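Residue numbers for the sequence shown follow the numbering used here, so the first one is 95 and each next one is one higher. For each residue, glycine too, the CB sits at the ideal point set by N, CA and C. These numbers come from a predicted model, not from an experiment.
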Amino acid sequence: MSRDILTILETDQLEPSASAAAMCDKIRAKHQGRVLALLYYGSSLRAINDPAKMLDFYVIVDSYRKTHKNPIRAGLNALIPPAVYYMENENADGTVSNCKYSILSLRAFERRTTKKALLSMIWGRFSQPCILLFPKDESIRKRIQNARANALKHIARETIPLVNSSISATKFWARGFKESYRTELRPESSGARSEEIVTRYKDRYENLAVVFFGNPNSNGEFTVPKPGGFEKITCKWRWFWRRFWGKPATAVRVLNSAMTFDGGIDYVLHKLKNYSGVTIEISEHQRRHPILWSPILGWKLYRKGAFK
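Okay, structure coming up:
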């Protein structure tokens, strides 16, 4: 099974845009010698030629202590992963790209894609398509791809007890992603978002369903193994605890990022502009001390309609 999953994961690979490749070069230069690979994911990958989309990367590193110049930040990265950075880059054509990237160690990435990890932030996210970029060597590439395969196995295991015995590939994978999204703080509808992502990559998820469940029946549905009643109950309890702990954990990560986020105020303003069309000019002092200025900046944004 693992070999078949790895073959499908290889079909996710695409050539990154020039702007994405240039941003990766800048990230690697900032953390020189520490980056083992980058994972390009998210809405900018799904709209790969849209220059307005913010680039999203997970940066896999060998050591938090050696990656961060600040030991406190290194400790927080280990305690409340991932650490988040914001970066801009001027492209060769004169346009400016921006990105948010999250730092996670290779060992943490591998651990958080298995059943040892209760929360689904990593194994849920990296069950979805992403591009593996600039792995340091072949052994690193294999470890990351194997971790992604484990993530798919895990989300399948945690979805099977929630569905009926016969179901389409779209409905099956969308149900798993819906449950994963419900454990995080998200503005969009979990159900609509999960259906959209699975439908966009329908062939991928059809092929994965064949690997897990065999060929579909004449109705295009797959026969999913029927777990016992006890497994159904325990699975639902696991998802309950993920929701119970996941939302506060997301809030803690956001707070940690707000306090330590390089370029955080620029990132927040960029996101608000995308959602509401509203932005404001800020001074260098406000950029350096966003927490001190946050009440005034928040009031200005509110007056301009950013939160309506």
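Query                                                                                                                                                                       : Result
Could you give the DSSP three-state label for Leu200: helix, strand or coil?                                                                                                : helix
Which residues in the same chain have their Cβ closer than 7 Å to the Cβ of Lys394, if we skip the five residues on either side of it in sequence?                          : Ile374
For the putative contact between Ser221 and Ala245, defined by C-beta atoms under 8 Å, what is the C-beta separation to the nearest angstrom?                               : 5 Å
Could you tell me whether the Cβ atoms of Trp328 and Ser260 are closer together than 8 Å?                                                                                   : The question names Trp, but residue 328 is Thr in the sequence shown. Result no, Cβ atoms of Thr328 and Ser260 do not sit closer than 8 Å.
Can you look up Thr317 in the DSSP assignment and give me helix, strand or coil?                                                                                            : strand
If we require 4 or more residues per run, which alpha helix (DSSP H) segments fall completely within the region 110-160?                                                    : 112-124 and 137-140
Using beta-carbon positions only, say whether Ser214 and Arg97 come within less than 8 Å of one another.                                                                    : no
Which of the three DSSP states, helix, strand or coil, is assigned to Cys224?                                                                                               : coil
Assign Leu139 to buried or exposed, taking buried as 16 or more other Cβ atoms, counted over all protein chains shown, within 10 Å of its Cβ.                               : buried
Nearest by alpha-carbon distance to Ser191: which of Leu170, Ala268 and Asp150 is it?                                                                                       : Asp150
Using 8 Å for Cβ pairs, my map puts Tyr195 next to Ile121. What's the rounded Cβ distance?                                                                                  : 6 Å
To the nearest angstrom, how far is it from the Cα of Arg287 to the Cα of Ser233?                                                                                           : 34 Å
Which term fits Glu252, buried or exposed, when burial requires 16 or more other beta carbons within 10 angstroms of its beta carbon?                                       : buried
Between which two residues does the beta strand (DSSP E) carrying Tyr180 extend?                                                                                            : Ala177 to Glu184
Using the beta-carbon count (16 or more within 10 Å), is Asn171 buried or exposed?                                                                                          : buried
Check the DSSP bridge columns for Ser191 and list the partner residues they point to.                                                                                       : Asn183
What are the boundary residues of the alpha helix (DSSP H) that includes Ser214?                                                                                            : That residue, Ser214, is in no alpha helix (DSSP H); it is neither H nor E in DSSP.
What first and last residue would you give for the alpha helix (DSSP H) that runs through Leu256?                                                                           : That residue, Leu256, is in no alpha helix (DSSP H); it is neither H nor E in DSSP.
Name the two residues that bound the continuous alpha helix (DSSP H) containing Lys374.                                                                                     : The sequence as given places Ile at residue 374; Lys does not occur at that position. Taken as a continuous stretch (DSSP letters only), Ile374 belongs to no alpha helix (DSSP H), as it is neither H nor E.
Spell out the partners DSSP gives Ser260 in its beta bridges.                                                                                                               : Thr317
Can you tell me where the alpha helix (DSSP H) with Pro310 in it begins and where it stops?                                                                                 : No alpha helix (DSSP H) holds Pro310; DSSP gives it neither H nor E.
Drop a sphere of 10 angstroms on the beta-carbon of Leu169, count the other beta-carbons inside from all chains shown, and report buried for 16 or more, exposed for fewer. : Inspection of the sequence shows that residue 169 is occupied by Gly rather than by Leu. The residue in question, Gly169, is exposed, as its Cβ has fewer than 16 Cβ neighbours within 10 Å.
Give the C-beta separation of Leu200 and Pro176 to the nearest angstrom, bearing in mind that I take them to be a contact with Cβ-Cβ under 8 Å.                             : Contact flag wrong, Cβ pair sits at about 12 Å.
Could you check where the alpha helix (DSSP H) with Thr105 kicks off and where it finishes?                                                                                 : Run containing Thr105: none; DSSP gives neither H nor E here.
Note down, in chain order, each residue of its chain lying with its Cβ closer than 7 Å to the Cβ of Arg128, except the 5 sequence neighbours on either side.                : Val155, Asp156, Ser157, Lys160 and Thr161
What does a CB cutoff of less than 6 Å around Pro255 pick up in its chain, not counting 5 residues either side in sequence?                                                 : Pro321, Glu325, Lys326 and Cys329
Taking the alpha helix (DSSP H) that Ile166 belongs to, which residues open and close that run?                                                                             : Pro165 to Leu173
With DSSP as the reference, label Gly270 as helix, strand or coil.                                                                                                          : helix
Comparing alpha-carbon positions, which option in Thr344, Thr189, Asn301 and Lys209 lies nearest Lys247?                                                                    : Lys209
When the distance is taken between beta carbons, is Tyr134 closer than 8 Å to Leu227?                                                                                       : yes
Nearest to Leu132 by CA position, among Val257, Lys230 and Ala241, is which residue?                                                                                        : Lys230
For Arg97, which of helix, strand or coil comes out of DSSP?                                                                                                                : helix
With a cut-off of 8 Å on the beta carbons, I'd call Trp217 and Ile249 a contact; round off their distance for me.                                                           : 6 Å
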